[in-house]
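Before any comments, here is the structure.
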Amino acid sequence: MAGAGKTLKVTLVKSPIGSKQPHRACVRGLGLRRLNQTVELPDTPAIRGMINRVSYLVKYE
415 MAGAGKTLKV
425 TLVKSPIGSK
435 QPHRACVRGL
445 GLRRLNQTVE
455 LPDTPAIRGM
465 INRVSYLVKY
475 E
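To convert, count from 1 in the sequence shown and add 414; that's the numbering used here.
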């Protein structure tokens with residue numbers, strides 16, 4: 415982890431196949447490629463907005 419800021423762990427729990435194109439783009443923008451893949455991202459308003467948009471596809475903590 416780089417920096418002293420807070421981070422969020424985001425996990426893809428549902429396949430984005432069949433979801434809207436902008437939602438699939440958000441999933442890719444979050445760095446998620448495979449089911450059950452977890453990434454750590456900085457806690458910024460932009461990242462939170464992307465997570466909020468695809469909240470039905472991801473789990474976060």
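Even for Gly, the Cβ is constructed at its ideal location relative to N, Cα and C.
Where in the segment 426–470 do unbroken runs of the beta strand (DSSP E), each at least 3 residues long, occur, reported from the N-terminal end onward? As far as the segment 426–470 is concerned, its whole beta strand (DSSP E) runs of at least 3 residues are 452–456.
Could you tell me which residues DSSP puts in a beta bridge with LYS423? By 1-based counting over the sequence shown, the position of residue 423 is 9. GLU454.
Taking C-beta to C-beta, are GLN451 and THR421 nearer than 8 Å? If you number the sequence shown from 1, residue 451 lands on position 37. If you number the sequence shown from 1, residue 421 lands on position 7. Not closer than 8 Å, so no.
Pairwise C-alpha distance: GLY419 and VAL472: Position 58 of the sequence shown, counted from the first residue, corresponds to residue 472. Position 5 of the sequence shown, counted from the first residue, corresponds to residue 419. Using only the alpha carbons, I get a separation of about 22 Å.
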